[in-house]
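Chains as they are written, first to last, in the working numbering: chain A, 38 to 265; chain B, 38 to 265. Take a look at the structure set out below.
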DNA sequence: TAGATTGTTAATCGATTAACAATC
DNA sequence: TAGATTGTTAATCGATTAACAATC
């Protein structure tokens, strides 16, 4: 029952299930099945049932799963049945995009503070009453707002030292947008977002001269696999 | 030898190795070992050697790997020993951030065209002589510039139809930033970037009341695992 | 009831790790 | 040479899938 018993690879799929359920709910579906969900996500129905079974029995034989109930259960399991305040560090293009992103709220998150070390950006007003704080205020603001999660959007060469500052300030989870591996204490959670990693994964399968000259229409219908 | 023999999970790690080698090269290292690389990335040395062995023997017994040579080999294997022109679809905050991002060039990519359906954004000038094209020009421009890769940065409700337009236009790989699962023909590669998925993966391990009041400094030193 | 789908166990499959001969 | 590290094989480990009794 301890969360450490549950394979991390299972945890990684739960947010994807949750996202799919949200889509289903929006399209008005009340009930779904592991078969439907699996087909939609490119995952076997057995895997979905087995993943959910780690946390209990949420379905009904013969019927399937009540979309809204399962959604709530997953939100509870993932601790997103609340709003996590987050810090954005780095107020460049990406930092701005993150600070303005409307999609966090409905899924358990909000940007509560933005930091940058560029004097020109300090005090710059953003949406939602946010302003850009100087890096000197990092520990103070993160402590005052009880922030545990940071999105790191600074240039690659600053990412490592800033990450350690964040840890000092009490941050426990970092979503790192800088294209480097961070070295942090082992109790700090880190996830990486680097578009080039994903692009290079795809170009392995692409061939420069695999030309499609003039466009070759194809019948849609199949489903692509799951994301990392 | 056919690329389909090689597990996709192995392919997914190669860009991470390549990124680490770039970091090593920048810090002036000439030679490295599977042990060093593994320690740095939180991966076993055996796995790194086994992954590389799918493509040949790049190392020297007793010595290790020549950083620059291995870098070049991986670039070749991943087909990033060239510059892939890409389309950005959606010229909002995120689209702008992608169009301005400086990090693509050195790693095999460039933004060659930007599209949006908002008349106010059309013809808006961006960096690098880019302008925002109307969606009507999608097929024409993608064909003329021989673009095979698109980054999809439109609102969630438009992502599915736009993805199919991209496929019609000859796009073969999509990096999808919209928080939905895309349904596309099976020969189209799709990778997903959704920060909320990564955040929810981390909040599973966080506890709201696991307070660190007043900041608890900790000794850095250990390394976090590999991303997806 | 008959049909459908769950939760779960056992079988299979694949990925990771350990170990070591080869060799620089 | 002695020490180090590769490439590779065999052993282990873990994840996925198949199958089905339980039951709605």
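All C-beta atoms in this analysis are idealised placements derived from N, C-alpha and C, irrespective of residue type, glycine included.
Residue nearest to residue i in terms of C-alpha spacing, selected from the options
| i | options | result |
| --- | --- | --- |
| residue 149 of chain A | A:185, A:55, A:69 and A:116 | A:185 |
| residue 112 of chain B | B:240, B:189 and B:51 | B:51 |
| residue 141 of chain A | B:43, B:234 and B:47 | B:234 |
| residue 61 of chain A | A:49, A:127, A:46 and A:78 | A:78 |
| residue 66 of chain B | B:106, B:95, B:152 and B:154 | B:106 |
| residue 128 of chain A | A:168, A:231 and A:242 | A:168 |
| residue 92 of chain B | B:76, B:208 and B:42 | B:42 |
| residue 104 of chain B | B:225, B:73, B:45 and B:118 | B:73 |
| residue 227 of chain A | B:139, B:126 and B:232 | B:232 |
| residue 44 of chain B | B:68, B:53 and B:88 | B:88 |
| residue 86 of chain B | B:166, B:70 and B:171 | B:70 |
| residue 156 of chain A | A:163, A:143 and A:172 | A:172 |
| residue 147 of chain B | A:165, A:49 and A:237 | A:237 |
| residue 244 of chain A | B:134, B:222 and B:208 | B:208 |
| residue 164 of chain A | A:138, A:63, A:180 and A:154 | A:138 |
| residue 53 of chain A | A:64, A:108, A:158 and A:90 | A:108 |
| residue 174 of chain A | A:202, A:225 and A:133 | A:202 |
| residue 179 of chain B | B:204, B:198, B:160 and B:225 | B:204 |
| residue 176 of chain B | B:162, B:126, B:63 and B:59 | B:126 |
| residue 84 of chain A | A:159, A:132, A:47 and A:68 | A:47 |
| residue 229 of chain B | B:213, B:158 and B:222 | B:213 |
| residue 220 of chain A | B:76, B:68 and B:55 | B:76 |
| residue 55 of chain A | A:82, A:114, A:81 and A:90 | A:114 |
As assigned by DSSP and simplified to three states, the class of residue i
| i | result |
| --- | --- |
| residue 142 of chain A | helix |
| residue 228 of chain B | strand |
| residue 185 of chain B | coil |
| residue 54 of chain A | helix |
| residue 117 of chain B | coil |
| residue 221 of chain A | coil |
| residue 101 of chain B | strand |
| residue 206 of chain B | coil |
| residue 198 of chain A | helix |
| residue 77 of chain B | helix |
| residue 244 of chain B | coil |
| residue 180 of chain A | helix |
| residue 136 of chain B | helix |
| residue 47 of chain A | helix |
| residue 128 of chain B | coil |
| residue 82 of chain B | helix |
| residue 255 of chain B | Residue placement at residue 255 of chain B is poorly supported in this model, since its pLDDT is 38, which falls under 50; the coordinates still yield a value, given next. Correct three-state label for residue 255 of chain B: coil. |
For residue i, the residue or residues it bridges with in DSSP
| i | result |
| --- | --- |
| residue 153 of chain A | A:171 |
| residue 211 of chain B | B:187 and B:227 |
| residue 147 of chain A | A:122 |
| residue 69 of chain B | B:102 |
| residue 162 of chain B | B:168 |
Cβ distance (whole Å) where residue i is taken to contact residue j below 8 angstroms
| i | j | result |
| --- | --- | --- |
| residue 206 of chain B | residue 189 of chain B | About 12 angstroms; that fails the 8 angstroms criterion. |
| residue 196 of chain B | residue 123 of chain B | Between residue 123 of chain B and residue 196 of chain B the Cβ distance is about 17 angstroms, and since that is not below 8 angstroms, they are no contact. |
| residue 57 of chain A | residue 218 of chain B | 6 angstroms |
| residue 193 of chain A | residue 211 of chain A | No, residue 193 of chain A and residue 211 of chain A are not in contact; Cβ-Cβ is about 14 angstroms, not under 8 angstroms. |
| residue 136 of chain B | residue 117 of chain B | Not confirmed; about 20 angstroms, so no contact. |
| residue 102 of chain A | residue 94 of chain A | Contact flag wrong, Cβ pair sits at about 10 angstroms. |
| residue 145 of chain B | residue 121 of chain B | 6 angstroms |
| residue 130 of chain B | residue 143 of chain A | Going by Cβ atoms, the distance from residue 130 of chain B to residue 143 of chain A rounds to 18 angstroms, so no, they are not a contact pair. |
Residue i beta carbon near the ligand SAM (any heavy atom closer than 8 angstroms)
| i | result |
| --- | --- |
| residue 69 of chain B | This structure simply doesn't include the ligand SAM, nor any ligand for that matter. |
Beta carbons nearer than 8 angstroms to chain B: which residues of the region 133-154 of chain A have them? Residues 133, 134, 135, 137, 138, 140, 141, 144, 145 and 146.
Between the region 218-236 of chain B and chain A, which residues of the former have a C-beta closer than 9 angstroms to a C-beta of the latter? So the close ones are 218, 219, 220, 221, 222, 223, 224, 225, 226, 227, 228, 229, 230, 231, 232, 233, 234, 235 and 236.
Give the residues from the region 97-119 of chain A that approach chain B closer than 8 angstroms (Cβ to any Cβ), ordered along the chain. Answer set for the region 97-119 of chain A: 114, 115, 116, 117 and 119.
If the cut-off is 8 angstroms on Cβ atoms, which residues from the region 41-57 of chain A count as contacting chain B, listed in chain order? From the region 41-57 of chain A, only 48, 49, 51, 52, 53, 55, 56 and 57 have a Cβ closer than 8 angstroms to chain B.
Please identify, using Cβ separations under 8 angstroms, the residues of the region 195-213 of chain A that lie next to chain B, in order along the chain. Within the region 195-213 of chain A, the qualifying residues are 201, 204, 205, 206, 207, 209, 210 and 212.
In the region 55-82 of chain B, which residues sit with their C-beta less than 9 angstroms from some C-beta in chain A, listed in chain order? So the list reads 55, 56, 57, 59, 60, 77, 78 and 79, given in the order they occur along the chain.
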